[in-house]
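A short write-up of the structure that comes next.
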């Protein structure tokens, strides 16, 4: 298998796998909080990225957890994975999978940086987890604290992503492909 095909295949499979895992963690943690509040689950779908139920008694804190944990668990899993990343491992799939494992949860957290500003304007998306979180959180504090905290986490996660060599190895894989294509075109 040539380098381009291998890199394309590894990239596509890694991206799909990470997105499915992200959705699995995101919806599962919603499910856990819903069950802990006594809800009866009506629907749970990974492919539909949806969980719904009825009943349950939520406290102020459990309501916050219900809406925040969808972003928190995938992020924690991602950061722990990055802590154990082996930058010297020379495996294209490992490098692509690691790239998306770091990128997806960190980039999804950007919504938590932006939505509090939109929320203050009264135009936040009504069914978004962050908006639902802010409906409760804004009763006790300014929504911009959520933006600030999310921004700090995005910056620290990005620093870890770079320091552990994940971005460097991703770029290396792309450069190796370009180098191989240049050599092949010179031979033609």
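Numbering (UniProt numbering), first residue to last: 1 to 188. Virtual Cβ for every residue (Gly too), placed ideally from N, Cα, C.
Residue interval of the alpha helix (DSSP H) (run including residue i)
i           : result
residue 191 : A query on residue 191 cannot be resolved here, the shown segment of the chain reaching from 1 to 188 and no further.
residue 36  : 3 to 36
residue 76  : 60 to 83
When the options are compared against residue i, the one with the closest alpha-carbon
i           : options              : result
residue 68  : 129, 165 and 125     : 129
residue 133 : 7, 117 and 63        : 63
residue 57  : 76, 36, 48 and 72    : 36
residue 164 : 80, 30 and 32        : 80
residue 131 : 22, 156, 112 and 149 : 112
residue 65  : 86, 28, 176 and 180  : 28
residue 107 : 151, 145, 146 and 92 : 151
residue 34  : 94, 47, 59 and 22    : 59
residue 160 : 85, 47, 126 and 178  : 85
residue 162 : 48, 116, 83 and 73   : 83
residue 21  : 45, 1, 7 and 9       : 45
residue 74  : 105, 146 and 182     : 105
residue 7   : 88, 32 and 93        : 93
residue 87  : 180, 125, 26 and 168 : 168
residue 142 : 115, 47, 90 and 178  : 115
residue 103 : 166, 48 and 1        : 166
residue 76  : 47, 179, 25 and 19   : 25
residue 30  : 9, 154, 182 and 49   : 49
With 16 other Cβ atoms within 10 Å as the buried cut-off, status of residue i
i           : result
residue 78  : buried
residue 16  : exposed
residue 5   : exposed
residue 70  : buried
residue 176 : exposed
residue 157 : buried
residue 148 : exposed
residue 11  : buried
residue 110 : exposed
residue 61  : exposed
residue 145 : exposed
residue 126 : exposed
residue 155 : exposed
residue 89  : exposed
Start-to-end residues for the beta strand (DSSP E) that takes in residue i
i          : result
residue 41 : 39 to 45
Closer than 8 Å: residue i CB and nearest the ligand FAD heavy atom
i          : result
residue 92 : The model depicted lacks the ligand FAD and carries no ligand whatsoever.
- Query: Touch check for the stretch 34 to 41 and the stretch 53 to 66: three-plus C-beta pairs under 8 Å?
  - Reply: yes
- Is the stretch 91 to 110 touching the stretch 119 to 134, taking contact as three or more C-beta pairs under 8 Å? no
- Message: So within the stretch 100 to 188, which uninterrupted alpha helix (DSSP H) runs reach at least 4 residues, ignoring any that extend past its ends?
- Response: 110 to 121, 129 to 137, 144 to 163 and 166 to 187
- Touching or not, the stretch 170 to 180 and the stretch 132 to 141, by the rule of three or more beta carbon pairs under 8 Å? no
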